[in-house]
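Residue numbers (UniProt numbering): 1 to 222.
Even glycine gets a Cβ: it sits at the ideal position worked out from N, Cα and C.
So, in structure tokens, the structure goes:
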């Protein structure tokens, strides 16, 4: 991140609620990063990721093709789904993201969120979340498969065996549950959702200018 810290040790924490399978969450995370790069006090900003599940009813064990889920299970017309995906893919491309939604397989995302918390213990949560997004939206990987998740953890520098043990043991499930509970308490009904300094909220994958303005407001706040 560019920028210097000034203001007597002032710091800003951005809390982000998102789901790995949410296309706008990956975009929102990218737009936030762009804003932070432009922020004069970028090195004073830290980002914490929190869990949210758009489809908690999905199985961990039975991955379903995203298009099939929307068409066959949710009843959307196929041409509408294809048009929607084309628009999403085009916006993602404008941000430098490679969305291949024809590869995406939907599963329960809870274990991916637990892995995010495991990575946080090693100071690599942001890297883990970015890898999970890419796994789902570009690589077409099953983000509930423990072996695939452990491989991703190893890719970013974490111990694969420790990651696998954490996944198998249910570690960090309480952290995920706490995030979901806090989201309900805050009235969060859609993601991505960003809270800056505990009091300034931004909802959705807004333009980088919106995030930059929010950072400026948070920096100047009491």
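| message | According to DSSP, simplified to helix, strand and coil, what is residue 130? | response | Three-state result, residue 130: helix.
| request: Write down the C-beta distance between residue 212 and residue 196 rounded to the nearest angstrom, noting that I regard them as a contact closer than 8 Å. | output: Between residue 196 and residue 212 the Cβ distance is about 11 Å, and since that is not below 8 Å, they are no contact.
| field | Among 12, 11, 13, 22, the one whose alpha carbon lies nearest that of residue 205 | value | 22
| query | Measuring CB to CB, does residue 201 end up less than 8 Å from residue 31? | reply | no
| said: To test your reading of the DSSP string, which unbroken alpha helix (DSSP H) runs of 4 or more residues are found completely within the segment 155 to 189? | reply: List check, alpha helix (DSSP H) in window: 160 to 169, 173 to 186.
| task | Sort out for me which residues DSSP pairs residue 15 with in a bridge. | result | 48, 195
| field | Proximal residues to residue 120 (C-beta, below 7 Å), its chain only, five neighbours per side dropped | value | none
| field | Within 8 Å, strictly: CB atoms of residue 76 and residue 88 | value | no
| residue 69 versus residue 61 - alpha carbon distance | 15 Å
| the segment 149 to 156 contacting the segment 102 to 116, beta-carbon criterion three pairs below 8 Å | yes
| request: Identify every run of the alpha helix (DSSP H) within the segment 83 to 129, keeping only runs that are complete inside it and at least 4 residues long; order them along the chain. | output: 110 to 120
| query | Taking Cβ to Cβ, would you say residue 182 is nearer than 8 Å to residue 109? | reply | Not a contact, by the Cβ cut-off of 8 Å.
| When 74, 19, 138 are compared against residue 101, the one with the closest alpha-carbon | 138
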